[in-house]
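Residue numbers (UniProt numbering), protein chains in the order written: chain A, 1 to 134; chain B, 1 to 134.
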């Protein structure tokens, strides 16, 4: 069921500063910052060739990463996103295995314009896993 | 300077159980558990095609992940490992950029038999980054 690692998401207080750090100090290829008001985050991507780091900064009220940053003010690794071929089949499988899908339990369109779900870390040894239809 | 993402390391209380979970519930390709007494961890790898998850369980006294698991008893994402072509050149560059290398500040042979260093999360927006010579 699991495909490739799409990205590792890292929450930071300031996505432009963090992106600039990866660009200037590590010579990484870094995208522009893109505000995504529908998702409550501003994103910057750090290209690592085989996958990417997705830097996330809270945007607006009720950002889904506000609580995480309150607990980890410097920032920290927030989740991993793994691709699946068929998000509906993946949801059915994980649910049948007793893994909780957060929120409504149904896929919604994620920050990359593709259907995603988040699996609850309590069922995955403390790791928040996003599944994204490839 | 930065190459591909070699792995995402996830600390768990029991690496065999966590590996079995990824194998049976997600159909992932999962390695056997390998005790690495020199590194204070037992490892299991979850193959994602383009990269891997490295599940880590503390082994012996003074395991480098014991403190993390004490704070996160269910487990959690511990670090990301990024490949570099030349670990000595990478150390020189990050040091010149004011980034702290943990421990002695010098590369040592990591769990994959290659030279590695860990960069302090205080300088990287809360993310512990391992650099490994490819």
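All residues carry an ideal CB built from backbone N, CA and C; glycine is no exception.
Asked	Found
Cβ pair residue 129 of chain B, residue 3 of chain B closer than 7 Å	no
CA-to-CA distance, residue 104 of chain B to residue 77 of chain B, given in whole angstroms	24 Å
Continuous alpha helix (DSSP H) stretch holding residue 93 of chain B: start and end	87–96
Inter-residue Cα distance where the pair is residue 93 of chain B and residue 27 of chain A	10 Å
Reduced DSSP secondary structure (H/G/I, E/B, other) of residue 32 of chain A	coil
Where residue 6 of chain B falls, given that 16 or more other Cβ within 10 Å makes a residue buried	buried
Classification of residue 52 of chain A by the beta-carbon crowding that lies within 10 angstroms, buried from 16 upward	buried
Closer than 7 Å to chain A by CB, residue 5 of chain B	yes
C-beta neighbour in chain B for residue 62 of chain A, strict 7 Å	no
Rounded C-alpha distance that separates residue 112 of chain B from residue 88 of chain B	17 Å
Buried or exposed (CB count within 10 angstroms, at least 16 for buried), residue 67 of chain B	exposed
Residue environment, residue 107 of chain B, which counts as buried when at least 16 other CB atoms sit within 10 Å	buried
CB contact below 7 Å: residue 74 of chain A versus chain B	yes
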